[in-house]
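Comments concern the structure below.
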Amino acid sequence: MLDIGWPELLVVAIVLVVVVGPKDLPRMLRTFGRTTSKMRSMAGDFRKQFDEALKEAELDDVKSIVDDARSLNPKTAIRRELSSLNKIGREMESDLRTATTTKPSDAKPATPVKGSGASDGEAPAPAQTAPIEGQSAPAASASKADPAEEGRT
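Reading the sequence shown from the start, the letters are residues 1 to 153 in the UniProt record's numbering.
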């Protein structure tokens, strides 16, 4: 810290003996030691108080964060959001109801389309016709049409 070696300490000791004298030197060294220990204890107390104040400040910050976390209630936030969605849903439902309900004077009777055959009591023509004799069914001919495919499987 001070980078003082043995030669420097020897020079300081010689100067002290010459200046103070051998008679008062022990008393002066005792006083110097006591003063040094008091200064160290005061510095330690100051450091301790400073550290405590710093911890209290940090604890206050942490405490405020914890209090904010405790006051946070996700249920209320979710309810608030869902209430707005429910309101929109109710509005849409009422709009759909008003759009789907018609006045009796506006309603027209359903009339069948002419030429469909359904109004005459006839059955509609089938979608597929049966194969004619002499011709094979389309599905059967498609499965036997490619003999190369049979060899691969």
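Cβ atoms here follow ideal geometry from the backbone N, Cα and C, with glycine treated the same way.
Values in this document were obtained by computation on a predicted structure and should not be read as measured data.
Rounded to whole angstroms, what's the CA-CA distance from Arg-70 to Ser-41? Just pull it up for me. Residue numbering aside, residue 70 sits at position 70 when the sequence shown is read from its first letter. Residue numbering aside, residue 41 sits at position 41 when the sequence shown is read from its first letter. Straight across, the Cα-Cα distance linking Arg-70 with Ser-41 is about 42 Å.
Given Leu-25, which residues of its chain have a CB within under 8 Å of its CB, disregarding the five upstream and five downstream residues? The residue you call residue 25 lines up with position 25 of the sequence shown. Within the same chain, and ignoring the five residues on either side of Leu-25 in sequence, the residues whose Cβ sits closer than 8 Å to its Cβ are Leu-16, Val-17.
Need the endpoints of the alpha helix (DSSP H) that Pro-22 sits in, please. Here residue 22 refers to the residue found at position 22 when the sequence shown is read from its first residue. First-last for Pro-22: undefined, no H or E at that position.
Would you report the Cα separation of Thr-35 and Asp-60, rounded to the nearest angstrom? Within the sequence shown, residue 35 is the residue found at index 35, counting from 1. Within the sequence shown, residue 60 is the residue found at index 60, counting from 1. Near 37 Å, if we compare the C-alpha coordinates of Asp-60 and Thr-35.
What's the gap between the Cα of Asn-86 and the Cα of Thr-101? Here the question's residue 86 lines up with position 86 in the sequence shown. Here the question's residue 101 lines up with position 101 in the sequence shown. Pairing Asn-86 with Thr-101, the inter-Cα distance amounts to about 22 Å.
Helix, strand or coil for Asp-4 per DSSP? Taking the first residue of the sequence shown as 1, we reach residue 4 at position 4. Note that residue 4 is Ile in the sequence shown, not Asp. For Ile-4, the secondary structure class from DSSP, reduced to helix, strand or coil, is coil.
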